[in-house]
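Going down the list, the sequences are from chains A and B. Just so we're aligned, residue 1 is where the first sequence starts under this note's numbering, counting upward by one. Just so we're aligned, residue 1 is where the second sequence starts under this note's numbering, counting upward by one. Note sheet for the following structure.
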Amino acid sequence: MANAQLTLSELNLLIKETLDDTFAGLVWVKAEIGEFTVNRNGHCYLELVDIDPVSNQIIARAKATIWSYTFRMMKPYFETTTGQAFGSGLKILVSVKIEFHPLYGMSLNVRDIDPAYTMGDMALKRREIILRLQQDGVFEMNKELELPAVPQRIAIISSPTAAGLQDFLNQLAHNPTEICFYTRLFPATMQGTQTADSIINALEQIYPYEDLFDVVVIIRGGGAQLDLASFDHYELAYHVAQFPLPVITGIGHDKDETIVDLVAHTKMKTPTAVAEFLISGAETFEGRLLEIEAYCSKLLSERLKKENDWLRQTMVRLKQGVRHFVQKEEHQFSLTALLLKNRVPSFLERQENRFIRHRHRLQMKGRGTIRDQIHFLKKKDSDLQQLVSRFMEIRNDHLGKARQNLKNRLSFQLKEQLAKLSFTEEKIRLVDPLEVLKRGYSLTYKNGKLVRTIQGLNEGDQLVTQLHDGKVESEITGQVTPLLQKQESSGLTGNIG
Amino acid sequence: MNPKKMTYKEAVAEIDEILEKIEQEELDVDELSEKVKRVSLLIRFCKEKLHKTSTEVENILREMEE
Numbered sequence: 001m002a003n004a005q006l007t008l009s010e011l012n013l014l015i016k017e018t019l020d021d022t023f024a025g026l027v028w029v030k031a032e033i034g035e036f037t038v039n040r041n042g043h044c045y046l047e048l049v050d051i052d053p054v055s056n057q058i059i060a061r062a063k064a065t066i067w068s069y070t071f072r073m074m075k076p077y078f079e080t081t082t083g084q085a086f087g088s089g090l091k092i093l094v095s096v097k098i099e100f101h102p103l104y105g106m107s108l109n110v111r112d113i114d115p116a117y118t119m120g121d122m123a124l125k126r127r128e129i130i131l132r133l134q135q136d137g138v139f140e141m142n143k144e145l146e147l148p149a150v151p152q153r154i155a156i157i158s159s160p161t162a163a164g165l166q167d168f169l170n171q172l173a174h175n176p177t178e179i180c181f182y183t184r185l186f187p188a189t190m191q192g193t194q195t196a197d198s199i200i201n202a203l204e205q206i207y208p209y210e211d212l213f214d215v216v217v218i219i220r221g222g223g224a225q226l227d228l229a230s231f232d233h234y235e236l237a238y239h240v241a242q243f244p245l246p247v248i249t250g251i252g253h254d255k256d257e258t259i260v261d262l263v264a265h266t267k268m269k270t271p272t273a274v275a276e277f278l279i280s281g282a283e284t285f286e287g288r289l290l291e292i293e294a295y296c297s298k299l300l301s302e303r304l305k306k307e308n309d310w311l312r313q314t315m316v317r318l319k320q321g322v323r324h325f326v327q328k329e330e331h332q333f334s335l336t337a338l339l340l341k342n343r344v345p346s347f348l349e350r351q352e353n354r355f356i357r358h359r360h361r362l363q364m365k366g367r368g369t370i371r372d373q374i375h376f377l378k379k380k381d382s383d384l385q386q387l388v389s390r391f392m393e394i395r396n397d398h399l400g401k402a403r404q405n406l407k408n409r410l411s412f413q414l415k416e417q418l419a420k421l422s423f424t425e426e427k428i429r430l431v432d433p434l435e436v437l438k439r440g441y442s443l444t445y446k447n448g449k450l451v452r453t454i455q456g457l458n459e460g461d462q463l464v465t466q467l468h469d470g471k472v473e474s475e476i477t478g479q480v481t482p483l484l485q486k487q488e489s490s491g492l493t494g495n496i497g
Numbered sequence: 001m002n003p004k005k006m007t008y009k010e011a012v013a014e015i016d017e018i019l020e021k022i023e024q025e026e027l028d029v030d031e032l033s034e035k036v037k038r039v040s041l042l043i044r045f046c047k048e049k050l051h052k053t054s055t056e057v058e059n060i061l062r063e064m065e066e
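Structure follows, in structure tokens:
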């Protein structure tokens, strides 16, 4: 045990000898680049790790170096072959010499690299990511968006310091047809491990202003042409694919397409190409406007020509029609004139004849009529005279008769009235009370009242008797005896006296 | 619709509709002049929108806070 006691230096030397013996030659090692730095002299210092794919834990770690003369050759070779910047996160297959330094410990000196391994790994990773996006159903989503007729309002995701950005902005601002573009930069880191998160962050900033923009462009230019692994990123691709605005990429790599390029609406190689794409889109639209304008004026002039032609034709037809009509009328008119010319003299003659005839007839008839009328009047006159004298005779006759009649009737009535008068005188004379009294009748009064009955007469009553030539006063001495009914008055009269 | 509030797409859709009517000769001459005026208004609007910087849009983008 005591013999086995070694100093650290002795131990380290022993380890070095053992390692040199065991790993006399170079060894091919598969590992992932963990940390990675290049110093001023161009020497490259790395940390190689092994990560458990299940637990994602580092299960092995080793320092490695690439001396500058090797790295100078190896880096371009690797990068041009893989299209991928040499850096952390890459899986590499390297040929190493295991070295052990008593002071610095073990390190792996990289002598060679096999890019095919990295490519295979990358391709595998890419395929996995693409498959996953397809399974998520988002792979085609951004492509299905409609690119606006004029992508005029542009949200830019880029690094503010990138040379490509300035070119892009200049190109848009000074486009030949002077189309107006509106841009707004959303800054993001465009290389290194922060790239994906940074771009996702920028997309999230744009998202609330979706309505203010027509497209999103993700551009990166100049300098670092590589580092494509940052864009073969599931999360980033997932966000880009589902973004509600069309995304146009100009990541500045013309060899391979990254997954972000694959899911973007349109992939352009460089920022310049993106600017050209946008400008040409607007120009195409303007070209279409000009075409429409020309087409519209063509349609219009065609239509107007057509209408004009129609008008002209109609005018011609109208003129023809009018001329025809006028001709026809003229013909008719001259015909009529001719006819008239021929007919008028004979008509006039006929009319004159008729007139003469009529006048003659009229004269004849007129004379006859006047004669007839005179005759008629004369006859009427004599008739009237006869009628009047006869009427007068009859009237005179009537009058004579009536006069005679009246005379007769008057004398007859006079005689009759005279007879009636003497008869009446006789009658009046007969009924005169004096005459009655003369014929022997008397009137008896008691107390000045005429006595008509024996009733109320008593013995001793004073009576006055009126006769035609005087009065006698007497007194009732005898008895008052009523008569038989028929001889009442004579009985009474008999007792007086 | 007021052309100022229309998108390019809406403007072009309206123009296309009018042109089709003109092609089909569905319009009489009076309507034709009305519609042609509308087309030229829409085209003018689109051209202006393409070339004339809208301070309104610029201001909105400038004032957008992060």
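Ideal placement from N, C-alpha and C gives every residue a C-beta, glycine not left out. These numbers were taken from a predicted model, which means no experiment stands behind them.
Would a C-beta distance cut-off of 9 angstroms place residue i and residue j closer than the cut-off?
i              : j              : result
residue 65(A)  : residue 93(A)  : no
residue 221(A) : residue 181(A) : no
residue 205(A) : residue 231(A) : no
residue 78(A)  : residue 118(A) : yes
residue 303(A) : residue 29(B)  : yes
residue 279(A) : residue 265(A) : no
residue 164(A) : residue 287(A) : no
residue 108(A) : residue 19(A)  : no
residue 190(A) : residue 162(A) : yes
residue 159(A) : residue 196(A) : no
Which residues of chain A have a Cβ atom closer than 7 angstroms to the Cβ of residue i, listed in chain order?
i             : result
residue 53(B) : 180
residue 1(B)  : Result: empty, since nearest Cβ-Cβ is about 17 angstroms, beyond 7 angstroms.
Helix, strand or coil for residue i, going by three-state DSSP, please let me know.
i              : result
residue 231(A) : helix
residue 1(A)   : Residue placement at residue 1(A) is poorly supported in this model, since its pLDDT is 48, which falls under 50; the coordinates still yield a value, given next. Correct three-state label for residue 1(A): coil.
residue 54(B)  : coil
residue 67(A)  : coil
residue 467(A) : strand
residue 413(A) : helix
residue 439(A) : coil
residue 12(A)  : helix
residue 111(A) : strand
residue 43(A)  : coil
residue 100(A) : strand
residue 15(B)  : helix
residue 280(A) : helix
residue 451(A) : coil
residue 211(A) : helix
residue 511(A) : Any answer about residue 511(A) is impossible in this case: the structure gives chain A only from 1 up to 497.
Under 7 angstroms between beta-carbons, which chain B residues line up against residue i? List them in chain order, please.
i              : result
residue 150(A) : 8 and 50
residue 285(A) : 8
Chain A partners of residue i, CB-CB under 8 angstroms?
i             : result
residue 19(B) : 292, 295, 296 and 299
residue 47(B) : 286 and 289
State the Cα-Cα distance for the pair residue i and residue j, rounded to the nearest angstrom.
i              : j              : result
residue 299(A) : residue 23(B)  : 7 angstroms
residue 45(B)  : residue 128(A) : 49 angstroms
residue 238(A) : residue 9(A)   : 55 angstroms
residue 33(A)  : residue 179(A) : 48 angstroms
residue 132(A) : residue 235(A) : 11 angstroms
residue 41(A)  : residue 155(A) : 41 angstroms
residue 492(A) : residue 483(A) : In this predicted model, residue 492(A) has a pLDDT of only 46, less than 50, meaning its place in the structure is not dependable enough to derive any value.
residue 215(A) : residue 59(A)  : 45 angstroms
residue 50(B)  : residue 7(B)   : 11 angstroms
residue 201(A) : residue 244(A) : 15 angstroms
residue 157(A) : residue 95(A)  : 40 angstroms
residue 60(B)  : residue 20(B)  : 37 angstroms
residue 61(A)  : residue 148(A) : 52 angstroms
On a Cα-Cα basis, can you pick out the residue from the options that is closest to residue i?
i              : options                           : result
residue 37(B)  : 15(B), 8(B), 10(B) and 60(B)      : 15(B)
residue 44(A)  : 74(A), 162(A), 197(A) and 98(A)   : 74(A)
residue 54(B)  : 117(A), 153(A), 450(A) and 434(A) : 153(A)
residue 210(A) : 175(A), 246(A), 196(A) and 176(A) : 246(A)
residue 176(A) : 362(A), 275(A), 111(A) and 388(A) : 275(A)
residue 475(A) : 469(A), 465(A) and 481(A)         : 465(A)
residue 445(A) : 473(A), 434(A) and 346(A)         : 473(A)
residue 113(A) : 423(A), 82(A) and 218(A)          : 82(A)
residue 14(A)  : 387(A), 105(A) and 140(A)         : 105(A)
residue 5(B)   : 62(B), 42(B) and 34(B)            : 42(B)
residue 88(A)  : 193(A), 349(A), 354(A) and 453(A) : 193(A)
residue 28(A)  : 86(A), 69(A) and 111(A)           : 111(A)
Which residues of chain A have a Cβ atom closer than 9 angstroms to the Cβ of residue i, listed in chain order?
i             : result
residue 41(B) : Per Cβ cutoff of 9 angstroms: no residues; residue 41(B) is ~12 angstroms from chain A at best.
residue 73(B) : Not covered by the structure: residue 73(B). The range shown for chain B is 1 to 66.
In chain B, which residues lie with their C-beta within 8 angstroms of the C-beta of residue i?
i              : result
residue 307(A) : 29
residue 147(A) : None at all; the shortest Cβ gap to chain B is about 11 angstroms.
What does residue i reach in chain B if we use C-beta pairs closer than 9 angstroms?
i              : result
residue 303(A) : 22, 25, 27, 29 and 32
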